[in-house]
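For reference, the structure is listed below as structure tokens.
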Amino acid sequence: MRKIRTNLLNPVAPTQTEYLENHLIAWDDDGIQSVRPYDPTLDKDAQDRTDLLCLPGNIDLHTHLSQHRIRGIYEPSLLDWLQTHVYPEEALFADPAYAEKLSADFFQALFAAGTTTGVIYTAPFRQACELAFSRAKLGGARAFIGMTLMDANSPENLMQSTDQAFRDSVELHEAHHGSSPLLEFIFTPRFALSCSPKLMSRLGRFVQENDAWLQTHLSENPREVSEVLKLFNAESYTQVYEDFGLLTPKSILAHAIHLSEREMELLAERRCKIAHCPDSNFFLKSGEMDWRSLEAKGVQIGLGSDVAAGSSLDMFYHAKMANYRQSAFSLGPELLFHTLTLGNARLLGLDARIGSLEAGKEADLCFRKLPNREIEPQNLLSALCFCSEEFPVVETVVASKTVFCTLEGQLHQSSWN
1322 MRKIRTNLLN PVAPTQTEYL ENHLIAWDDD GIQSVRPYDP TLDKDAQDRT DLLCLPGNID
1382 LHTHLSQHRI RGIYEPSLLD WLQTHVYPEE ALFADPAYAE KLSADFFQAL FAAGTTTGVI
1442 YTAPFRQACE LAFSRAKLGG ARAFIGMTLM DANSPENLMQ STDQAFRDSV ELHEAHHGSS
1502 PLLEFIFTPR FALSCSPKLM SRLGRFVQEN DAWLQTHLSE NPREVSEVLK LFNAESYTQV
1562 YEDFGLLTPK SILAHAIHLS EREMELLAER RCKIAHCPDS NFFLKSGEMD WRSLEAKGVQ
1622 IGLGSDVAAG SSLDMFYHAK MANYRQSAFS LGPELLFHTL TLGNARLLGL DARIGSLEAG
1682 KEADLCFRKL PNREIEPQNL LSALCFCSEE FPVVETVVAS KTVFCTLEGQ LHQSSWN
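Residue numbers in the sequence shown follow the numbering used here, run continuously in steps of one, and reach 1738 at the last position.
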């Protein structure tokens, strides 16, 4: 049993966050056992970390392991960026040694950012995806991991045959679905331009018949949208996915920027999840997702880093960018904090297990150092959302296991030995 005397921020609702000063949080292998005010008589064995802030671990709804090394590499638009930088980098993952090293680097960086759950794209190679699962398991990550699928209109060194792409994905699903309480496979067609009608149709049937998770990109860039409509002779990008059966309550669609009102209604009807990636949208000049209209239609919205078009794995940075990217209205700190913790957990069907600091939930935790400057308690969450660099991560815990720790100045990552 670990007992820590500290300060806690706990998301209760999109408009409500609890600040619990001088509290005890205790957990063991079975999860969080207690969250209550510190009692000097009862809690003499608790470690005093009142210099820290304890939070639920962040959840990243959309990120690319195979692009982590090239974050911040500029190109003015999506399709040119993919051709010039992303595809050459992902081709390197055909080398197992490279794939394993970059997978290890990625999960270390994820934990160092205070993220405990990631929804992850890997390169379009089965072995690279298997190595990502191995490194995630070794490091103790909670993750949904998928092999990117590309069987059309793609570089030859990345393109799979339709049969191989589908077969490998199904076999990866069979190998990893239910095999671990922390890890899940997610079907991952890159986007409509890189996938054939035959592949998307087969994927749609499988995910619907097997209640499986699927992730892809939707309406990120005007040129992308135009090419999709032309290629499929379609009335809308969203309708393309609908026609192939890819829109389900377990579909996570990244970006969703250039949508008609009917497309928003369709996403709501199918109960799809949207991964909003504000930093990426800014970086590639893709546009501004209409949070307010999507929310008004009943579409469920979460936050993703979208590394490498997103420049950081720190989800509080992306919370800040989400506020900055909404020109018509403001997203407050409470909503942003709730979105990247309990909200994202709810989108993944995990809110009964993780996402908030409650006895009975699994211990997915992040401890951050409090800033040197004095900040009133009612302003701590705002400062964290907009100045997260002043709150460095010192320990990350997944399912009661420490996966990253710099406390006492010592880097301790026993899970990587």
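The beta carbon of each residue, even a glycine, is placed where N, CA and C say it ideally should be.
CB-CB length for residue i against residue j, believed under 8 angstroms
i       : j       : result
MET1636 : ASP1472 : In fact, because the Cβ distance is near 32 angstroms, the residues do not count as touching under 8 angstroms.
ARG1544 : LEU1728 : In fact, because the Cβ distance is near 48 angstroms, the residues do not count as touching under 8 angstroms.
ALA1629 : HIS1385 : 6 angstroms
CYS1706 : PHE1650 : With a Cβ gap of about 16 angstroms, CYS1706 and PHE1650 do not count as contacting.
LEU1504 : HIS1497 : 6 angstroms
THR1717 : THR1437 : 6 angstroms
THR1405 : LEU1656 : Not a contact, Cβ separation roughly 36 angstroms.
THR1483 : SER1455 : Rounded, the Cβ-Cβ distance is 27 angstroms, inconsistent with contact.
ASP1627 : ALA1575 : 7 angstroms
Which residues DSSP lists as bridging residue i, in chain order
i       : result
HIS1385 : TYR1442
LYS1722 : VAL1719
VAL1620 : The partner list for VAL1620 (beta bridge, DSSP) is empty, contrary to what the question assumes.
ASN1331 : GLU1339
ASP1349 : GLY1352
GLY1467 : TYR1442
VAL1491 : DSSP, once it has assigned bridges, lists no residue as partnering VAL1491.
GLN1560 : Paired residues: none, contrary to the question.
VAL1714 : ARG1689
PHE1508 : LEU1535
TRP1379 : Looking at the sequence itself, residue 1379 is Asn, so the reference to Trp does not match. DSSP lists THR1436 as partners of ASN1379.
Beta-carbon proximity check, residue i vs residue j, cutoff 9 angstroms
i       : j       : result
GLY1623 : LYS1594 : yes
ALA1533 : ILE1573 : no
THR1609 : ILE1578 : The sequence given here places Glu at residue 1609; Thr does not occur at that position. Yes; because the gap between Cβ atoms is below 9 angstroms, this pair is in contact.
SER1557 : GLU1590 : no
PHE1487 : ALA1513 : no
LEU1702 : LEU1330 : yes
LEU1588 : THR1559 : yes
LEU1634 : ALA1433 : yes
ILE1441 : ALA1453 : yes
ARG1326 : THR1362 : no
PRO1397 : LYS1606 : yes
ARG1392 : ASP1426 : no
SER1500 : GLY1467 : no
ALA1449 : SER1540 : no
ALA1666 : GLY1676 : yes
Taking one C-beta from the stretch 1643–1660 and one from the stretch 1400–1416 each time, how about it: are there three or more such pairs within less than 8 angstroms? Contact annotation: the stretch 1643–1660 does not touch the stretch 1400–1416, with fewer than three C-beta pairs closer than 8 angstroms.
Is the stretch 1671–1687 touching the stretch 1362–1376 in the sense that three or more CB pairs, one from each, lie closer than 8 angstroms? yes
Please confirm if the stretch 1673–1682 is in contact with the stretch 1337–1355, defined as three or more CB-CB distances below 8 angstroms between the two stretches. yes
Given 8 angstroms as the limit, is there contact between the stretch 1456–1476 and the stretch 1718–1728, that is, 3 or more CB pairs closer than that? yes
When you compare the stretch 1563–1572 with the stretch 1517–1533, are there three or more beta-carbon pairs, one atom per stretch, that lie closer than 8 angstroms? yes
Could you give the uninterrupted runs of the alpha helix (DSSP H) lying entirely in the stretch 1579–1649, keeping only those of 4 residues or more? 1582–1590, 1599–1604, 1612–1618 and 1636–1646
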